[in-house]
Amino acid sequence: MISPFHLAIPVTDLKASALFYGEHVGCGQGRSSKQWIDWDFYGHQLVTHLVDRMPQGEAANQVDNKSVPVPHFGLVLPKADWEALALRLEQAGYNFHIAPYIRFQGEVGEQGTFFLFDPSGNALEFKYFEDMTQLFAS
0 MISPFHLAIP VTDLKASALF YGEHVGCGQG RSSKQWIDWD FYGHQLVTHL
50 VDRMPQGEAA NQVDNKSVPV PHFGLVLPKA DWEALALRLE QAGYNFHIAP
100 YIRFQGEVGE QGTFFLFDPS GNALEFKYFE DMTQLFAS
């Protein structure tokens, strides 16, 4: 069994976060208060904590000639779920920071990936591996 992770992130607007994580990303809502909301992030606990302003210090790394935001978090999903999520986010009008594309096509480690920012500016990456046994291959 894979142990679920717990991740707490800052957000500046709980209503906008609820729309993004609840309706568009498809997370079930758990406990909440006026200051935070727990989310079922595909079996993991994600907590959005209300803050007055976002922390500063975002950077980027170049990967495949694309500017990958650091820090970022996200999930590795089954391919069909990844495709459905990308379509749902596109149809909801979200702009991808890095549009869905395939890395290492036809090679060991082939994967689909995309990046976007939540309404508060947290960077997220969602990906799938054509062969999940290659997730931690070196």
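Just so we're aligned, residue 0 is where the sequence shown starts under numbering that gives the first Met the number 0, counting upward by one. C-beta: ideal position from N, C-alpha, C; glycine also.
Below 7 Å between beta carbons: does that hold for residue i and residue j?
i, j, result
"Leu-49", "Trp-38", "no"
"Gln-110", "Lys-126", "yes"
"Pro-68", "Ala-7", "no"
"Gly-29", "Pro-3", "no"
Mapping the DSSP letters down to three states, classify residue i as helix, strand or coil.
i, result
"Phe-19", "helix"
"Lys-65", "strand"
"Leu-88", "helix"
"Val-133", "Reading off the sequence shown, one finds Gln at residue 133, where the question assumed Val. Helix at Gln-133."
"Glu-109", "coil"
"Asp-80", "helix"
"Lys-141", "For the chain, the structure presents residues 0 to 137; residue 141 sits outside this window and is missing."
So, under 8 Å CB-CB, residue i and residue j are touching, yes? Tell me the CB distance rounded to an integer number of Å.
i, j, result
"Phe-114", "Glu-124", "5 Å"
Checklist entry - For the region 11–30 against the region 113–133, are there 3 or more C-beta pairs whose distance is under 8 Å? => result Taking 8 Å as the limit for Cβ pairs, the verdict is that the region 113–133 does touch the region 11–30.
Next on the checklist: Measuring CB atoms only, is the region 59–67 touching the region 75–86, in the sense that at least three cross pairs come out at less than 8 Å?
Outcome noted: At 8 Å Cβ cutoff, the stretches do not touch.
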